[in-house]
Amino acid sequence: MQNQPASAPKNKTTQSVGESKKPSNPNGHSYIDIDFARKMIVHNQQGIQMADIAKKNAASAQVRQLATSISEELSNNTKQYIDWLTKWKETYFNLSDFPEMEGHDMYPTHPGMASLSDLSALESAAGNSVDTLFLRLMIAHHEGANEMATEGYFKEMQFGQMISLKDETLKQQTEEVQTMKQLQTK
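In structure tokens form, the structure reads like this:
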């Protein structure tokens, strides 16, 4: 066995909830980064789908404005994840690649993802029902994304830019959840 260098002392500072640990190689990427990007592409695409319905059909101007902002944010993030995977020559799926069949083994079931029946109900809702259903579904959607992003597995991500995007998104979506909960009480 060859002599191994001594391990660096462990950093004893406390991380905030959901904060990623400092990567060993912030310019490199690992399977964990690839897996996170793939999951977020599909998750975000469903969020965009829901937000696009609400920005057209919601009764409240505040809900339409929030839906527009969420759609833009998720679209930009999704494009960034796709760009990174493409640069790394990695494949990915779009939400449209999955059969739209309730209970089908292949349809994504990431935390917070709306069921096909919920999406159908949102699409066919009108007036205040759009607002109510959108807020309920998007709160669950954001909380599910935040749950995925704070899993221990994803704290091992390496690619510094992706970690920054993930941490910024966690903060943004936590704020949006608070806004949506306030809108639910109006």
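Following the numbering used here, the numbering of the sequence shown begins with 748 at its first residue and continues without gaps. We put the beta carbon where it would ideally sit given N, CA and C, even for glycine. Bear in mind that the values here come from a model prediction, so they are computed numbers and not experimental data.
### At least 3 beta-carbon pairs within less than 8 Å: the segment 855-864 vs the segment 799-815
no
### Query
Would you say residue 800 and residue 881 are within 9 Å of each other, going by their C-beta atoms?
Position 53 of the sequence shown holds residue 800. Position 134 of the sequence shown holds residue 881. Cβ atoms of residue 800 and residue 881: closer than 9 Å.
### Task
For the segment 858-873 and the segment 779-788, state whether three or more C-beta atom pairs, one from each stretch, are separated by less than 8 Å.
no
#### Entry: Length of the line joining the Cα atoms of residue 776 and residue 931
Residue mapping note: residue 776 aligns to position 29 of the sequence shown, counting from 1. Residue mapping note: residue 931 aligns to position 184 of the sequence shown, counting from 1. Roughly 40 Å between the two C-alpha positions.
### Query
residue 835 to residue 918, Cα distance in whole Å?
In the sequence shown, residue 835 corresponds to position 88, counting from 1. In the sequence shown, residue 918 corresponds to position 171, counting from 1. Going from the Cα of residue 835 to the Cα of residue 918 covers about 27 Å.
### Message
Excluding the 5 residues flanking residue 839 on each side, which residues of the same chain have their C-beta closer than 6 Å to its C-beta?
### Response
Against the sequence shown, residue 839 aligns to sequence position 92. Cβ within range, chain order: 785, 788, 832.
### Span of the alpha helix (DSSP H), counted from its first residue to its last, around residue 783
Reading the sequence shown from its first residue, position 36 is the one you call residue 783. Note, residue 783: alpha helix (DSSP H), 778-804.
### Query
DSSP three-state call for residue 915: helix, strand or coil?
If you number the sequence shown from 1, residue 915 lands on position 168. Of the three classes helix, strand and coil, the one that applies to residue 915 here is helix, per DSSP.
### Query
Apart from the five residues on each side of it in sequence, which residues of its chain come closer than 7 Å, Cβ to Cβ, to residue 757?
Here residue 757 corresponds to residue number 10 of the sequence shown, with the count starting at 1. In this predicted model, residue 757 has a pLDDT of only 38, less than 50, meaning its place in the structure is not dependable; the value taken from the coordinates is given anyway. None.
### Query
Between which two residues does the alpha helix (DSSP H) containing residue 835 stretch?
Sequence index remark: in the sequence shown, residue 835 carries index 88 (1-based). Premise fails: residue 835 is in no alpha helix (DSSP H) and is neither H nor E.
### Query
Is the beta carbon of residue 802 less than 9 Å from the beta carbon of residue 814?
Position 55 of the sequence shown, counted from the start, is the residue given in the question as residue 802. Position 67 of the sequence shown, counted from the start, is the residue given in the question as residue 814. In this structure, residue 814 lies closer than 9 Å to residue 802 by Cβ.
### Task
Entirely within the segment 860-896 and at least 4 residues each: give me those alpha helix (DSSP H) ranges in chain order.
863-871, 875-896
### Task
Please report the Cβ distance between residue 888 and residue 860, rounded to the nearest whole angstrom; I am assuming they are in contact, meaning their Cβ atoms lie under 8 Å.
Mapped onto the sequence shown, residue 888 falls at position 141. Mapped onto the sequence shown, residue 860 falls at position 113. Right, the Cβ-Cβ distance comes to about 7 Å (below 8 Å), so this counts as a contact.
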